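Participant:
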Amino acid sequence: MAKKDFVLSVEDLTVSFDGFKAVDGLNLYVDRNEVRVVIGPNGAGKTTVLDLISGKTRATSGSINFKGLELTKMSEHMIVRAGIGRKFQTPSIYENLTTYENLEVSFPRGRSVFGAIAFRRTADVDERVRQIAEEVFLTEMLDQTAELLSHGQKQWLEIGMLLMQDPELMLLDEPVAGMSVSEREKTAELLSRVAKNRSVVVIEHDMEFVKNIAHRVTVLHQGKVLAEGSMEAVQSNPKVIEVYLGH
Ligand SMILES: Nc1ncnc2c1ncn2[C@@H]1O[C@H](COP(=O)(O)OP(=O)(O)OP(=O)(O)O)[C@@H](O)[C@H]1O
Ligand SMILES: [Mg+2]
Numbered sequence: 007m008a009k010k011d012f013v014l015s016v017e018d019l020t021v022s023f024d025g026f027k028a029v030d031g032l033n034l035y036v037d038r039n040e041v042r043v044v045i046g047p048n049g050a051g052k053t054t055v056l057d058l059i060s061g062k063t064r065a066t067s068g069s070i071n072f073k074g075l076e077l078t079k080m081s082e083h084m085i086v087r088a089g090i091g092r093k094f095q096t097p098s099i100y101e102n103l104t105t106y107e108n109l110e111v112s113f114p115r116g117r118s119v120f121g122a123i124a125f126r127r128t129a130d131v132d133e134r135v136r137q138i139a140e141e142v143f144l145t146e147m148l149d150q151t152a153e154l155l156s157h158g159q160k161q162w163l164e165i166g167m168l169l170m171q172d173p174e175l176m177l178l179d180e181p182v183a184g185m186s187v188s189e190r191e192k193t194a195e196l197l198s199r200v201a202k203n204r205s206v207v208v209i210e211h212d213m214e215f216v217k218n219i220a221h222r223v224t225v226l227h228q229g230k231v232l233a234e235g236s237m238e239a240v241q242s243n244p245k246v247i248e249v250y251l252g253h
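Okay, so the sequence shown: first residue is 7 according to my numbering, each after it adds one.
1. Give the straight-line distance between the Cα atoms of residue 231 and residue 129, rounded to the nearest whole angstrom.
2. Would you tell me roughly how many angstroms separate the C-alpha atoms of residue 64 and residue 21, rounded to the nearest one?
3. Could you spell out where the beta strand (DSSP E) holding residue 186 opens and where it closes?
4. Output needed for residue 233: all residues of its chain with C-beta closer than 7 Å, excluding positions within five of it in sequence on either side, in chain order.
5. Spatial neighbours of residue 109 within its chain, please: C-beta separation below 7 Å, excluding the five flanking residues on both sides.
6. Look up residue 236 in the DSSP assignment and say whether it is helix, strand or coil.
7. Any idea if residue 30 is buried or exposed, counting beta-carbon neighbours within 10 angstroms, 16 or more meaning buried?
8. Taking all protein chains shown into account, do 16 or more other C-beta atoms lie within 10 angstroms of the C-beta of residue 187, making it buried, or fewer, making it exposed?
9. For residue 55, which three-state DSSP category applies?
10. Please classify residue 176 as buried or exposed, where buried requires at least 16 other C-beta atoms within 10 Å of its C-beta.
11. Cα separation between residue 66 and residue 145?
12. Under a three-way DSSP split, which group does residue 118 fall into?
13. Please report the straight-line C-alpha distance between residue 91 and residue 252, rounded to a whole angstrom.
14. Rank 32, 87 and 45 by C-alpha distance to the C-alpha of residue 69 and give the top, closest one.
15. With respect to the beta strand (DSSP E) encompassing residue 38, which residues constitute its N-terminal and C-terminal limits?
16. Could you say which of 39, 17 and 18 lies nearest to residue 173 if we only look at CA atoms?
17. Looking at the secondary structure, which residues open and close the beta strand (DSSP E) in which residue 149 lies?
18. Would you report the Cα separation of residue 189 and residue 198, rounded to the nearest angstrom?
19. Looking only at its own chain, which residues have a Cβ that is under 6 Å from the Cβ of residue 151, when we skip the five neighbours before and after it?
20. Taking a contact to mean a Cβ-Cβ separation below 8 Å, would you say residue 34 touches residue 179 in this structure?
21. Could you check whether the Cβ of residue 31 sits closer than 7 Å to any heavy atom belonging to ligand 1?
22. With DSSP collapsed to three states, give me the class of residue 73.
23. Given 7 Å as the limit, tell me if residue 50 has its C-beta closer than that to any heavy atom belonging to ligand 1.
24. Could you check whether the Cβ of residue 63 sits closer than 7 Å to any heavy atom belonging to ligand 2?
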């Protein structure tokens with residue numbers, strides 16, 4: 007298939023750390039409006055793949071194509087501007103700001119905290135903040151200082167901060183880690199909703215959650231794709247059971 011059919015095409019991607027290949031000849035193709043879940047044992051290279059896509063880590067070789075842009079040649083900042091939002095394994099929110107302010111500073115125009123002090127709170131930003139807060143279940147928490155939010159609410163806030171930038175591709179590293187069962191269900195519903203007009207790549211260990219959200223699943227092992235397909239196909243794959251699901 008031609009590259010242009012995919013929002014993201016990763017081809018023959020490799021990164022070596024002192025000779026150790028954390029990602030090794032990886033190919034990954036993500037469709038528009040797809041929720042792709044990446045699973046695999048600890049140290050498989052999952053987070054490193056997101057580091058490479060988001061420009062945090064430089065590839066040793068290979069290509070990452072996003073809507074015709076070669077990301078391996080772009081800075082982290084340019085990659086965000088191109089439409090990729092990334093959530094890390096631990097929430098990175100501004101603890102001292104309110105929920106409202108965290109969302110407000112994430113609006114592309116007022117990205118830095120310092121810039122936000124100067125920039126006027128326009129009606130469209132206010133509307134967007136409230137709309138996103140509703141999407142991530144935080145309407146009641148808008149005036150609350152972020153440090154007082156629960157762990158799950160902090161994770162939602164960070165997703166909300168990404169949504170403020172309206173990214174075409176969202177990269178989420180273990181978004182439901184530490185969440186209760188009901189929070190996980192709400193997050194699954196949230197991700198299905200936001201994926202209606204964007205693509206999402208999610209790293210996750212919780213198989214119940216993966217089953218709920220994944221259109222397709224990619225299993226990584228030692229920096230390579232071990233298996234890929236529907237959750238059912240992957241779950242019944244003997245190689246996947248051996249290296250991951252059997253544990
Ligand atoms: N900057 C780095 N320098 C050296 N080694 C690294 C670096 N980043 C990752 N690694 C190594 O690459 C391998 C893959 O790490 P990675 O964090 O991508 O795994 P993961 O699949 O996300 O695991 P987990 O499920 O535990 O989060 C590990 O062996 C890790 O120690
Ligand atoms: Mg990881």
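Using N, Cα and C, we set each Cβ at its ideal position, and we do this for glycine too. Fair warning: this is a prediction, and the values are worked out from it, not measured in the lab.
Facilitator: In brief:
1. 46 Å
2. 7 Å
3. Careful: residue 186 lies outside any beta strand (DSSP E) and carries neither H nor E.
4. 225, 240, 243, 245 and 246
5. 135, 138, 139, 166, 167 and 170
6. coil
7. buried
8. exposed
9. helix
10. buried
11. 44 Å
12. Only weak support is given to the placement of residue 118: the predicted model assigns it a pLDDT of 48, under 50, and the value that follows is read from those uncertain coordinates. Coil at residue 118, not helix or strand.
13. 33 Å
14. 32
15. Here residue 38 belongs to no beta strand (DSSP E), and DSSP marks it neither H nor E.
16. 39
17. First-last for residue 149: undefined, no H or E at that position.
18. 14 Å
19. 104
20. no
21. no
22. coil
23. yes
24. no
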